[in-house]
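Just so you know, the sequence shown maps onto residues 753 to 986 in the numbering used here. Beta carbons: idealized from backbone N, C-alpha and C, even for Gly. Here is the structure we will look at, set down as structure tokens.
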Amino acid sequence: MLDLAFSILLAALPALLLLAWFRRQDRSRPEPLGLLGRSVLYGFLATVPAAALELLLLRVGPSGPRLLAAAFDAFVVAGFVEEGVKYFFVRRYILGRPEFDERMDGILYAACVSLGFAFAENILYGYTDRTVLLFRAFTAVPMHAAVSGIMGYWIGRAKIEGWGTGRGTELEYSSRPRALRGLWEAAIFHGAYDFFLFTRSGWALLAVVVLLAAGIRLVILVADAKRRDREDSP
């Protein structure tokens with residue numbers, strides 16, 4: 753029992769540390785802890801439909817050249833499906849909340865969903881091998897947070913900048929391309945990261961380059977979101 757509890761703690765720790773960093777970026781108008789916790793839960797639950805879709809796509813995916821199969825698995829099965837499911841949960845359950853009233857909120861809530869997702873994956877992958885948890889703490893968990901944070905930036909801008917006015921969960925038609933840009937950008941970063949890992953060759957080291965690029969991109973977008981939010985403040 754203690755061994756199981758320790759494994760769960762190891763699985764949760766990297767997500768909690770990253771969540772603390774994201775929340776620190778939102779100090780001007782902090783979001784309610786209850787909604788942040790609910791967002792993490794949505795991410796945890798999102799692994800169920802994501803896994804179902806991934807299993808279905810793996811059955812119909814290409815079985816030809818190794819690089820083609822790796823590209824399909826990385827960009828379609830992992831990148832688009834996982835980021836798409838996270839996007840759905842943010843759009844369906846968080847977008848219309850009145851607390852979502854800043855661009856930075858989009859980054860924070862999307863990151864919470866992604867960290868809940870990564871926590872669930874950590875439990876699945878690390879249940880039998882703690883070394884996997886240690887590896888993922890510095891790779892997959894930050895990757896999930898970074899790419900979904902990028903997606904959240906565009907969702908936040910789509911809602912705040914006069915297009916999505918909080919009518920339920922729907923964005924006005926003209927705002928959707930910007931929100932979808934976030935989904936595509938996240939899926940491409942995620943897919944590129946996984947593609948280099950799936951090749952199982954010297955290219956795998958390039959996954960670290962993708963992770964660093966996504967992290968730098970996120971930091972730039974966080975700074976931009978905070979600047980735009982400050983300019984909107986009375």
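Where the alpha helix (DSSP H) through residue i begins and ends
{"i": "residue 789", "result": "785 to 812"}
{"i": "residue 827", "result": "No alpha helix (DSSP H) contains residue 827, which DSSP labels as neither H nor E."}
Neighbourhood of residue i by C-beta distance below 7 Å, restricted to the same chain and skipping five residues each side
{"i": "residue 899", "result": "835, 938, 941, 942 and 966"}
{"i": "residue 970", "result": "898, 901 and 902"}
{"i": "residue 935", "result": "835, 836, 839 and 903"}
{"i": "residue 962", "result": "941, 944, 945 and 948"}
Per-residue DSSP class, three states only, for residue i
{"i": "residue 980", "result": "helix"}
{"i": "residue 851", "result": "coil"}
{"i": "residue 985", "result": "coil"}
{"i": "residue 846", "result": "coil"}
{"i": "residue 778", "result": "coil"}
{"i": "residue 817", "result": "coil"}
{"i": "residue 969", "result": "helix"}
{"i": "residue 951", "result": "coil"}
{"i": "residue 937", "result": "helix"}
{"i": "residue 869", "result": "helix"}
{"i": "residue 891", "result": "coil"}
{"i": "residue 913", "result": "coil"}
{"i": "residue 918", "result": "Annotation note: pLDDT 44 at residue 918 (below 50); position unreliable, no value reported."}
Residues near residue i by beta carbon distance below 8 Å, same chain, minus five either side
{"i": "residue 863", "result": "770, 771, 774, 897, 900, 901 and 904"}
{"i": "residue 887", "result": "none"}
is_contact[residue i, chain C] using C-beta, thresh 8 Å
{"i": "residue 772", "result": "No chain C appears in this structure, which consists of one protein chain only."}
Contacting residues, own chain, Cβ-Cβ under 6 Å from residue i (five flanking each side not counted)
{"i": "residue 778", "result": "856 and 860"}
{"i": "residue 949", "result": "956 and 959"}
{"i": "residue 841", "result": "794, 798 and 865"}
{"i": "residue 820", "result": "814"}
{"i": "residue 827", "result": "943"}
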